[in-house]
Amino acid sequence: ELRSEPFVELPGTYVDVIKMVHKRPCSVCGNVPQEPALCLLCGALVCMGSQECRGRDPREGQCSDHARRCGAGQGLFLVPYMALVLAVSAPDCGLWDCPYVDQNGEPNPQLKRPCALHLRLDERRLDSLRQIYIKGSIRKEIFMYNEKTGRYLPNPL
533 ELRSEPFVEL PGTYVDVIKM VHKRPCSVCG NVPQEPALCL LCGALVCMGS
583 QECRGRDPRE GQCSDHARRC GAGQGLFLVP YMALVLAVSA PDCGLWDCPY
633 VDQNGEPNPQ LKRPCALHLR LDERRLDSLR QIYIKGSIRK EIFMYNEKTG
683 RYLPNPL
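The numbering of the sequence shown is my numbering, which starts it at 533 and goes up by one.
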């Protein structure tokens, strides 16, 4: 069953997101993740793509496993060191633009431009993610977004 609660509250600036996850341990293995993923539904921090921290199914990673437990297989994770959102409709995953934008309203995927200090939370983008989750349309959106960007991930994370 999909969670009815709203997303966790996110900081207004991207720098504060980095501070929030920096050196924070994974809620599953207890280690500090190399690539942390923050569940937007409950706030848990899990390891993304780690071979050491796998889900119950060894073919799936912690993000897919957490999405199954937290959001009935549907999950959205902020991946702060990449400035992306990992969308999960277990076992399918895709990478989307994050809800933090620069002064021009543009996201900065994979922090390619040196403006991370100036990224601010865009409530409209966050609400769009919230609506996709509430409608249960993450899988459909993963495949539609992949057609535009090629950011579909064939292996579950």
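Beta carbons: idealized from backbone N, C-alpha and C, even for Gly.
Taking the alpha helix (DSSP H) that residue i falls in, what are its first and last residues?
i      : result
Cys602 : 594-603
Asn678 : 670-681
Have a look at the DSSP bridge pairing and note the partners of residue i.
i      : result
Asp629 : Leu616
Gly607 : Val620
Leu570 : Leu577, Leu610
Thr545 : Arg652
Arg586 : Gly593
Between the C-alpha atoms of residue i and residue j, what's the straight-line distance to the nearest angstrom?
i      : j      : result
Cys585 : Gly593 : 7 Å
Leu570 : Arg556 : 11 Å
Arg600 : Arg591 : 14 Å
Val564 : Leu618 : 19 Å
Gln566 : Cys595 : 14 Å
Gly607 : Cys561 : 19 Å
Cys625 : Cys558 : 20 Å
Pro543 : Glu679 : 31 Å
Arg657 : Arg588 : 32 Å
Relative to the ligand PLP, is the shortest distance from any of its heavy atoms to the C-beta of residue i smaller than 8 Å?
i      : result
Cys579 : No copy of the ligand PLP occurs in the structure displayed, which carries no ligand at all.
Open item on the list: Can you confirm whether the stretch 536-551 touches the stretch 580-595 when touching is taken to mean that 3 or more C-beta pairs between the two stretches lie within less than 8 Å?
Closed with: no
Open item on the list: I'd like to know if the stretch 605-619 and the stretch 629-649 are in contact, where contact means that at least 3 CB-CB pairs between them fall below 8 Å.
Closed with: yes
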